[in-house]
Amino acid sequence: MSTGRDVKTNNHPTVRSRLLSQSSDTAPATSLHLGSDDGLLSSLKRKISDSAVDYPRRRATIACEVCRSRKSRCDGNKPKCKLCAELGAECVYREPGVKLDAGDKLILEHLNRIENLLQINFAANQSNGLHASQDSPSLSNGTALSGDHALISGSSNIISIIPNGGLGTWGSVPVGTNISTMPKCHTNATMHLLQWPLIRDLVSRPYDPQILLQLEMAREPLHTLTKTPCVDLSNTQAYIQAYFDRVNVWYACVNPYTWRSQYRTALSNGFREGPESCIVLLVLALGEASLRGSISRIVPHEEPPGLQYFTAAWSLLPGMITTNNVLAAQCHLLAAAYLFYLVRPLEAWNLLCTTSTKLQLLLMAPNRIPQQQRELVERIYWNALLFESDLLAELDLPHSGVVQFEENVGLPGGFEGEDQDQEQVGRDELWYFLAEIALRRLLNRVSQLIYSKDSMASTTSLEPVVAELDYQLNQWYESLPLPLQFPFSRTMLHDPIQAVLRLRFYACKTIIYRPYILAVLDNEQAVLDPAVRECCHKCLEASVRQLEHIMEHHAGHMPYIWQGALSMMSQTLLLMGASMSPSLLGILLTIVPHQQALDELISEVVMEVQHYSSLAPSLSLAAEIIKEAESPGMFSCFPSELDVRNGWGMFAENKEELEENGETARSAAGGRTSPFSVQGTIDVFYEELELII
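In UniProt numbering, the protein residues as written are 1 to 693.
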């Protein structure tokens, strides 16, 4: 990753744009170095108060070489600054985008050496057969389940090989692969959990992993986009302020220092033509939407807030489809952001593909990008990459190709203002955006290193990879500026940025350790390995922590409601499946106070996702699946009316026995066990029984 530009404003520390800066000296002794982004955030960390983040405002003028050598203030005038003119000296400015300093170069040299060694190990492990023999030292202390679910037993060890289904080790990554990008084939998606042992028994039928994509493809388009746009401009200032107060923190792709100039241009065009008009209308749409809170709380069939502005902006997009400049790319990106708010992921992806195409054309000749727009290009690029990675994590979509420029694009450093004396409409809030870039790249590494292989892998072979990924996740947290560092206490957070970062943190931790849950679901004996048991505990604890304050998820509904809903679904299915395993249930009951607390947690998630069901067909299916999974077997295996009448006495006896023993209710016909809400399940069962009779 190339370094970005320095930002020095009002004596603030420099913002360094580097993605790979993890030193081998600080990692755990057993860890592998697989690329990390902790340097990105550690370079941003500063000594600031706990109550507010001092955000970078604008980039300072680049000093000429003479002023640098004399350590005097440079006014930045060209072709000669004031001092050089007085001295009659040659005035030379450095190229924008600072060179790597000695520390940067040393770090990158070490990382390149480590990566080269890893690539050699990758090839060697693949050719030698990483898990071919039980006598292999790498398997001597592990537990795993084979592809055919057979237990491999030794004299003193239980070796566990995780079933095929996409879980693998770093040995599966081809030489030259950028492991911080989403793999083209992976099994990290939520729907793949329904193929896991025990979890697949929670639903009455198998589901194609592609079904979410198929549902979104068959979805009706937004009919309002064909209507003649009519907008109310009476509240524009309130919506603009709301955008910069509530929305720009997520995307950081609108310059608050040049906004008034951009707005005047749009106003002079009557908001009817030009990219500036389109951008202003999209800012109004997102700003109005942010004032209404979560879209999940809007009455179905009510027009979503901001739609009138989005419709007007949509009418301007055709004029920019064939325009390959920075503002056209920005328009498509902001339109995609509003479609994410509307929970229309596939339409958003279509716009992102257009954005990516424009970015690739621009980045093929980066020197031709106007200097004043380079920072904006970087922000649009990272937004497009973040959006695309989130979609690829759940839907099997074609890759746009924009990722090929990842190593050449710098990280955001701070916007410049055209008019230094003009009051800006908002602050350039950059810290969350940078934190999200680093975390998304880590999530992509998890998918590459654990979920992209179709062959089996032992839990022992995963241990160093999992340890390293977890280490990088903790380093990511430690590198956050203090006001962004969320507490790990089990209390609800009211700061939306901290809340979203904490939810993303636990989602990442769950995904890192999830292979160990699969190993135990496939074979209970896997949990006899203390290392496997500990990893299962970490996974289940992270799942519980992500779900225990369900209202916190509303903080991220503007950018993440679709992704967040599927994440909640996956964590809930994981907890349900774990509850059906005696050993995993035992671990769960060390995390939650009692079974009823777990039942209530799951019920809250089920009810919450029900609120999303009208927003998208994919979320409607998600709500249907976890609702069915909450009480498996109660209806799909229900006895016939005649059987019920003939067996009423037997059912009555069973009811009394179940209540006395506190066992799980089961259908006499199907015999399938529900581990959730014992007393509630019994009551519902008999209510349905009485209705039939």
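Beta carbons are placed, not taken as given, at the ideal position from N, Cα and C, and that holds for glycine.
query                                                                                                                                                                     : result
Going by the beta-carbon positions, is the gap between M568 and H553 smaller than 9 Å?                                                                                    : yes
Drop a sphere of 10 angstroms on the beta-carbon of V254, count the other beta-carbons inside from all chains shown, and report buried for 16 or more, exposed for fewer. : buried
Is the CB-CB distance between V343 and I561 below 9 Å?                                                                                                                    : yes
Please list the terminal residues of the continuous alpha helix (DSSP H) segment that includes residue 773.                                                               : Because the chain is modelled from 1 through 693, residue 773 falls outside the range shown and cannot be assessed.
Throw me the rounded Cβ distance for the V446 and I511 pair, which I believe falls under 8 Å.                                                                             : 5 Å
Looking at L281: is its Cβ nearer than 9 Å to the Cβ of V326?                                                                                                             : no
In chain order, what residues of the same chain have a beta carbon less than 7 Å from the beta carbon of D390, not counting five sequence neighbours either side?         : Q563
Using 9 Å as the threshold, is the C-beta distance between L225 and W314 below it?                                                                                        : yes
How long is the line joining the alpha carbons of L521 and N383, rounded to whole angstroms?                                                                              : 37 Å
Measuring CA to CA, which of P209, F433, H549, E468 is closest to P559?                                                                                                   : F433
Can you tell me whether S204 is buried or exposed, with buried defined as 16 or more other CB within 10 angstroms of its CB?                                              : exposed
Please confirm if the stretch 368 to 385 is in contact with the stretch 399 to 410, defined as three or more CB-CB distances below 8 Å between the two stretches.         : yes
Candidates E288, Q448, S294: which alpha carbon is nearest G556's?                                                                                                        : S294
Is S72 helix, strand or coil when you go by DSSP?                                                                                                                         : coil
Among residues of its own chain, excluding the 5 on either side of D75, which ones have a beta-carbon nearer than 6 Å to its beta-carbon?                                 : C81, K82
Where does N188 land, buried or exposed, given buried means 16+ other C-beta within 10 angstroms?                                                                         : buried
Compare the C-alpha of A393 against each of W431, E608, T190 and name the closest.                                                                                        : T190
Whole angstroms is fine: what's the gap from L585's alpha carbon to A597's?                                                                                               : 13 Å
From this set, S543, V532, V605, which residue's C-alpha is nearest K509's C-alpha?                                                                                       : S543
Within 10 angstroms of the Cβ of M217, are there 16 or more other Cβ atoms? Answer buried if so, exposed if not.                                                          : exposed
Ignoring anything shorter than 4 residues, give me the alpha helix (DSSP H) runs that lie fully in the stretch 305 to 357, in order along the chain.                      : 307 to 314, 318 to 321, 326 to 341
In terms of DSSP beta bridges, what is S570 paired with?                                                                                                                  : Per DSSP, none; premise fails for S570.
Use the C-beta contact count for G452: other C-beta atoms within 10 angstroms, 16 or more gives buried, fewer gives exposed.                                              : Rather than Gly, the amino acid found at residue 452 in this sequence is Ser. It is buried - the Cβ of S452 has at least 16 other Cβ atoms within 10 Å.
By alpha-carbon positions, which one of T228, G414, L615, L233 ends up nearest to A285?                                                                                   : L233
Please identify the residue among V532, L615, A531, L397 whose C-alpha is closest to the C-alpha of I211.                                                                 : L397
Going by DSSP, what residues sit across from Y471 in a beta bridge?                                                                                                       : None, per the DSSP bridge assignment.
Thinking just about the alpha-carbon of each residue, which of A519, G306, T265 is nearest to the one in C539?                                                            : A519
Keeping to the same chain, check which residues put their C-beta closer than 6 Å to that of K78; ignore five residues upstream and five downstream.                       : none
Between which two residues does the alpha helix (DSSP H) carrying R533 extend?                                                                                            : 530 to 547
Candidates V592, L589, L621, T590: which alpha carbon is nearest A565's?                                                                                                  : L621
What did DSSP end up calling Y93 once you bin it into helix, strand or coil?                                                                                              : strand
Could you please give the first and the last residue of the uninterrupted alpha helix (DSSP H) stretch that includes C508?                                                : 496 to 522
To which residues of the same chain is V592 closer than 8 Å at the C-beta, ignoring the five residues directly before and after it?                                       : V544, L598, L601
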